[in-house]
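Be aware that the sequence shown starts at 1, since it is given in UniProt numbering, and climbs by one per residue.
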Amino acid sequence: SFLLNELAVFLHDEKSLLGGVREEAEYIRAKLEQMRAFLSKAEAKEESDPQLKVWIKQVRDVAYDTEDILDEFLPRLASNRRDGFFGSLYRITWYANKIQARHQSASKIQRIRPRIDHIFENYVGFDPHGSSSTVINNAWLDRRGDALLIEEAELVGIEQPKRQLISWLVNDDSGLKVVSVAGMGGSGKTTLSFKIEELLKHIILQLFDEVKQAVPQAVETMASHSMKELIREFLRQSRYVLVLDDVWSSDAWIAMEIALPDNSRGSRVLLTTRDFDIASACCLKKKKKKYTMNALSPEESWTLFCRKVFQGTDCPQPLYPLSKCILEKCEGLPLAIVAMGGFLATKDRRVEEWDMVWRSLGDELESNDQFGFMKRILFLSYFDLPSHLKVCLLYLSVFPEDYEIEKTRLIRLWIAEGFVQVREGKTLEEVAENYLNNLVNRSLVQAADTTGDGRLRTCRVHDILREMILSKSREQSIGTIISGHDAKWRCLSIHNYVENIHRSESYSRLRSLLIFGIVDPLSKSSISMLLSSRLLKVLDLRGAMLEEIPSLVFTLIHLRYLSMRRTNVRLVPKSIRKLQNLETLDLKHTYVTELPAEILRLRKLRHVLVYRYEITSIQSLRGSGFKAPYKIGDLRLRKLCHVLVYRYEITGINFGIQIPHGFKAPYKIGDLISLQKLCYIEAGEINGSGGSFNIVTEIGKLTQLRRLGITKLRLKDGTAFCSSIEKLTNLRALSVVSVADDEILDVQSLSSAPQFLRTLELVGHLEKFPQWIPSLHSLVKIRLYHSQLGDDPLQSLEALPNLEEIVLFQAFEGESLTFKAGGFLRLKELGLIQLKGLRSVTVEDGAMPHLKDIYFQGCKLVDELSSGIQHLTNMQFLGLVDMPDKLTTPLQETLRYPSELSGIFLMRSKWGSWLSHIDERRGRLFVDKCNKYPGVSLFAWSFVDQNTKSVLATEDTEGTNSFKILAADGI
1 SFLLNELAVF
11 LHDEKSLLGG
21 VREEAEYIRA
31 KLEQMRAFLS
41 KAEAKEESDP
51 QLKVWIKQVR
61 DVAYDTEDIL
71 DEFLPRLASN
81 RRDGFFGSLY
91 RITWYANKIQ
101 ARHQSASKIQ
111 RIRPRIDHIF
121 ENYVGFDPHG
131 SSSTVINNAW
141 LDRRGDALLI
151 EEAELVGIEQ
161 PKRQLISWLV
171 NDDSGLKVVS
181 VAGMGGSGKT
191 TLSFKIEELL
201 KHIILQLFDE
211 VKQAVPQAVE
221 TMASHSMKEL
231 IREFLRQSRY
241 VLVLDDVWSS
251 DAWIAMEIAL
261 PDNSRGSRVL
271 LTTRDFDIAS
281 ACCLKKKKKK
291 YTMNALSPEE
301 SWTLFCRKVF
311 QGTDCPQPLY
321 PLSKCILEKC
331 EGLPLAIVAM
341 GGFLATKDRR
351 VEEWDMVWRS
361 LGDELESNDQ
371 FGFMKRILFL
381 SYFDLPSHLK
391 VCLLYLSVFP
401 EDYEIEKTRL
411 IRLWIAEGFV
421 QVREGKTLEE
431 VAENYLNNLV
441 NRSLVQAADT
451 TGDGRLRTCR
461 VHDILREMIL
471 SKSREQSIGT
481 IISGHDAKWR
491 CLSIHNYVEN
501 IHRSESYSRL
511 RSLLIFGIVD
521 PLSKSSISML
531 LSSRLLKVLD
541 LRGAMLEEIP
551 SLVFTLIHLR
561 YLSMRRTNVR
571 LVPKSIRKLQ
581 NLETLDLKHT
591 YVTELPAEIL
601 RLRKLRHVLV
611 YRYEITSIQS
621 LRGSGFKAPY
631 KIGDLRLRKL
641 CHVLVYRYEI
651 TGINFGIQIP
661 HGFKAPYKIG
671 DLISLQKLCY
681 IEAGEINGSG
691 GSFNIVTEIG
701 KLTQLRRLGI
711 TKLRLKDGTA
721 FCSSIEKLTN
731 LRALSVVSVA
741 DDEILDVQSL
751 SSAPQFLRTL
761 ELVGHLEKFP
771 QWIPSLHSLV
781 KIRLYHSQLG
791 DDPLQSLEAL
801 PNLEEIVLFQ
811 AFEGESLTFK
821 AGGFLRLKEL
831 GLIQLKGLRS
841 VTVEDGAMPH
851 LKDIYFQGCK
861 LVDELSSGIQ
871 HLTNMQFLGL
881 VDMPDKLTTP
891 LQETLRYPSE
901 LSGIFLMRSK
911 WGSWLSHIDE
921 RRGRLFVDKC
931 NKYPGVSLFA
941 WSFVDQNTKS
951 VLATEDTEGT
961 NSFKILAADG
971 I
């Protein structure tokens with residue numbers, strides 16, 4: 001459906017260029033348009049109708065082929081005007097090529113027409129008035145019944161939610177109370193509601209007694225409002241209990257709610273849903289409660305697994321490792337555990353048999369009928385999606401298993417792929433973010449990490465659901481992981497190795513290429529094959545071992561997304577001008593320091609990321625390795641990716657901040673008026689045709705910017721910079737770095753700051769606190785580095801209504817900070833780092849009522865915890881690094897086993913004096929990545945287990961949950 005819509009728009013926009021093939025193209029467009037409306041309904045039925053499934057595939061294939069023809073020939077039809085004698089020769093050659101291109105495209109499109117006619121004839125035979133995508137064929141699935149057949153003995157992890165819900169439902173409150181239960185498909189909502197029905201049976205029977213009366217004869221012909229009034233009148237005199245299972249629409253609840261009177265008789269409504277938006281909508285008023293069904297704990301998962309597989313007996317020791325691996329795939333989802341357990345219960349209890357299951361699990365999920373029920377339950381949410389969200393969800397299959405997907409990256413990829421529809425009054429990025437939030441709220445995508453204000457930072461897909469959408473995406477040629485050859489591939493995702501790449505026509509129709517975790521350098525032959533498709537729109541070579549951008553990249557005239565992040569690229573050649581359709585240029589964490597003037601020809605650019613961080617965290621780091629065995633070169637096991645046997649001796653740690661290094665922009669960078677993100681551009685003079693110009697004046701022309709990062713700002717740039725910022729009314733995030741730590745950052749003359757600003761980062765000396773900051777009512781985060789303020793900045797920040805994070809790094813030179821009562825009502829995170837003159841911190845009762853995390857580092861004169869810290873009843877984490885012994889020593893005993901805090905982090909920069917809080921309730925030692933605070937941006941600390949004698953300093957590997965060991969030693 002999505003592809004047909006895009007194709008129709010594309011044909012309409014480009015028909016003037018098609019000349020002689022316009023009639024054929026319009027005919028195809030009209031036929032596809034006729035079928036488009038039917039597709040959204042047909043997709044919901046395809047699983048139960050093989051013939052329909054074939055027809056949908058035929059429609060999709062012909063749409064793909066038509067799109068390929070257009071993309072292949074339209075560039076040859078477009079004019080490229082040149083002047084002079086050689087320009088005349090060029091135009092003659094171009095005209096000849098244009099005639100040839102018209103002939104070739106007409107010939108190919110004419111071959112498409114019979115296929116369209118054949119498909120359309122078959123389409124006429126289908127009933128176009130079937131049920132919508134929200135109503136699934138009843139013969140295919142009874143959404144509720146089977147869940148109720150689970151035996152009481154098989155239920156695990158249901159007691160706590162059952163007690164909570166019953167306490168809400170069965171109380172003395174006489175008013176109408178609504179309780180909603182939200183969770184992913186298969187999380188146990190239906191089963192839970194059924195068990196509560198049993199416990200409330202005596203109440204329900206009273207209601208049944210009252211309905212023993214004749215149903216009005218006219219009910220069949222009643223209008224909707226009449227039926228609602230009839231129900232309302234009937235219930236007005238009764239105490240009733242209503243259970244609504246698997247509610248799929250807010251409209252359905254609104255319609256039902258009108259018919260439910262609050263008659264002060266203690267009536268109750270319990271509903272379950274997969275959509276968190278619906279659950280929230282049902283609980284907007286008072287006396288309404290929402291319960292979220294969480295995944296089972298590892299212990300509960302293991303109990304349920306063993307009950308299903310081993311009928312309650314212990315797991316045989318030889319099968320224990322494989323059982324754990326298979327169970328991890330289920331990620332605590334009861335439906336998946338029950339289905340997997342039932343499948344394994346039919347297998348011989350031999351290691352070889354179970355190992356085969358583990359290695360072929362994806363294929364089993366796709367083809368084995370024993371998983372049919374589970375797939376139908378989980379796919380209900382998929383079939384309920386509109387077509388544009390279906391393709392967005394399927395696209396997630398290109399990411400590796402357990403991969404944490406950055407929200408911003410995913411949004412840019414969706415836009416580049418053409419999945420995001422234009423909405424009046426919104427940017428494409430805002431529309432795409434709504435798409436992602438919708439998928440999260442429908443329990444199809446999981447939030448992996450969020451910002452302090454609850455906004456999504458990274459997301460992931462449940463392992464079982466990923467296997468299912470991977471299969472679905474292959475069916476639709478949306479994406480595949482390299483494993484074989486198929487000439488219809490549209491998107492290729494390569495994980496870890498390129499050794500399976502062979503010469504084949506499989507790559508000739510690629511539209512997207514992404515690589516993940518490639519451990520070997522890409523050879524020229526591999527690059528040549530992978531970039532053989534001139535139709536590529538997305539090229540993500542993040543992390544590849546490349547020293548330069550491959551020259552073939554600049555032949556990809558349809559390219560919209562180019563990422564060379566975390567490569568060793570140092571130069572962007574002038575041939576970048578050929579990529580006229582480029583929207584995203586991601587050169588983050590490369591060594592590029594300048595962009596050529598030719599970049600200004602790329603008028604569709606929306607995101608330019610060209611910067612890297614300098615981290616001055618470790619003063620001295622010396623490594624020691626291990627003695628290798630003889631003939632270690634014989635170790636050729638391809639599955640053995642890494643051998644890490646070493647340790648580091650750290651003689652000094654000085655945690656600093658991440659200093660961004662940006663790029664020199666060309667003159668007239670302000671001509672790129674579509675830019676949404678620009679990070680980090682260097683301030684200063686640039687030479688243009690009319691002399692020298694200040695780059696900060698160009699920034700003011702980029703009025704669509706949402707995120708801006710600028711470095712090397714000088715004192716004399718201040719007035720011009722503030723003038724430019726005043727014009728950027730759409731700005732959401734601003735990061736400003738002075739040319740040196742002691743250089744004055746002149747931002748005082750800003751009279752009207754962007755009112756939508758959510759994140760502000762200022763790095764440099766401030767003569768006084770900027771007077772415009774207190775007016776930023778949308779501000780969520782503020783980070784001040786090297787500000788050297790003499791006056792307490794808290795007085796200017798305490799009234800900001802949405803402020804949730806403050807970081808002060810060498811930002812204040814006074815002796816005391818005071819958090820006053822009634823201030824910082826939404827603050828959740830506070831970092832006070834290297835405030836050299838600070839002696840005391842006072843927290844008044846009523847200040848920072850929602851504060852969760854406090855982090856102190858290098859405040860050498862603070863010798864006791866903050867006065868009034870006992871008022872912070874919601875505090876969960878306290879971090880103390882490089883703090884005086886007088887402060888930390890008493891805490892080693894008094895806070896070693898705190899009852900309220902989830903984490904105490906005490907660290908001394910002198911090696912050998914590290915302490916971390918032990919969380920005995922979870923049976924493990926506290927882990928904190930500390931990636932939110934600049935003072936510990938590189939390192940995270942974790943213990944292996946409760947009995948360990950070593951502390952590990954680790955670096956988080958991007959996009960994964962794995963860690964690379966950097967240091968290990970005894971406590």
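Built from N, CA and C at the ideal position, the CB exists for glycine as well.
- For residue 491, the enclosing beta strand (DSSP E) has its first and last residue at 491-495.
- For residue 359, the enclosing alpha helix (DSSP H) starts and ends at 351-359.
- Residue 450 sits in a strand when the DSSP states are folded into three classes.
- Straight across, the Cα-Cα distance linking residue 459 with residue 299 is about 25 Å.
- A Cβ-Cβ contact shorter than 8 Å links residue 597 with residue 666.
- Taking C-beta separations shorter than 7 Å and ignoring five residues to either side along the sequence, the partners of residue 331 in its chain run 295, 462 and 463, following chain order.
- Per DSSP, the unbroken beta strand (DSSP E) holding residue 177 starts and ends at 177-182.
- Residues 261 and 263 of the same chain have their beta carbon placed closer than 6 Å to that of residue 236, with the five preceding and five following residues left out of the count.
- If you look at residue 416, you'll find it in the alpha helix (DSSP H) that goes 407-417.
- In this structure, residue 804 keeps its C-beta atom at 8 Å or more from the C-beta atom of residue 821.
- Per DSSP, reduced to three states, the secondary structure at residue 568 is coil, with no helix or strand assignment.
- In this structure, residue 527 sits near residue 552, with a CB-CB distance shorter than 8 Å.
- Counted as a single uninterrupted DSSP element, the stretch harbouring residue 173 is not any alpha helix (DSSP H), since DSSP gives it neither H nor E.
- Nearest to residue 672 by alpha-carbon distance, out of 683, 704, 554 and 723, is 704.
- Here residue 786 carries a coil assignment [DSSP, helix/strand/coil].
- Membership of residue 303 in the alpha helix (DSSP H) is indicated by the continuous run 298-310.
- Of the candidates 730, 687 and 347, the residue whose Cα lies closest to the Cα of residue 708 is 730.
- Counting C-beta pairs closer than 8 Å gives fewer than three between the segment 300-313 and the segment 270-283, which falls short of the contact rule.
- Annotation: the continuous alpha helix (DSSP H) that includes residue 525 extends over 524-530.
- Fully enclosed beta strand (DSSP E) runs of no fewer than 3 residues occupy 707-713, 733-738, 759-763 and 781-785 of the segment 705-785, in order along the chain.
- For residue 388, the enclosing alpha helix (DSSP H) covers residues 387-395.
- Around the Cβ of residue 320, a 10 Å sphere holds fewer than 16 other Cβ atoms; the residue is exposed.
- Looking only at 859, 841, 382 and 496, the smallest Cα-Cα distance to residue 810 is reached by 859.
- Here the alpha carbons of residue 309 and residue 180 stand approximately 32 Å from one another.
- Within a 10 Å sphere around the beta-carbon of residue 790 sit fewer than 16 other beta-carbons, which makes this residue exposed.
- Remark: C-beta atoms of residue 546 and residue 510 do not approach each other more closely than 8 Å.
- At least 8 Å separates the beta-carbon of residue 749 from that of residue 700.
- Take residue 830, set aside five residues on each side of it, and the residues of its chain with a beta-carbon closer than 6 Å to its own are 806 and 854, in chain order.
- Following the DSSP letters along the chain, one finds residue 658 inside the beta strand (DSSP E) bounded by residues 658-661.
- A straight line joining the alpha-carbon of residue 27 with that of residue 532 spans about 31 Å.
- By the Cβ neighbour-count rule, residue 425 is exposed, with fewer than 16 other Cβ atoms within 10 Å of its own.
- According to DSSP, residue 346 shares a beta bridge with no other residue.
- If the five residues before and after residue 566 are omitted, its C-beta is found closer than 7 Å to the C-beta atoms of 542, 543 and 589, all from its own chain and listed in chain order.
- For residue 839, the three-state secondary structure derived from DSSP is coil.
- Rounded to whole angstroms, the gap between the alpha carbons of residue 347 and residue 293 is 31 Å.
- Three or more Cβ pairs closer than 8 Å define a contact, and the segment 574-586 falls short of that threshold against the segment 441-459.
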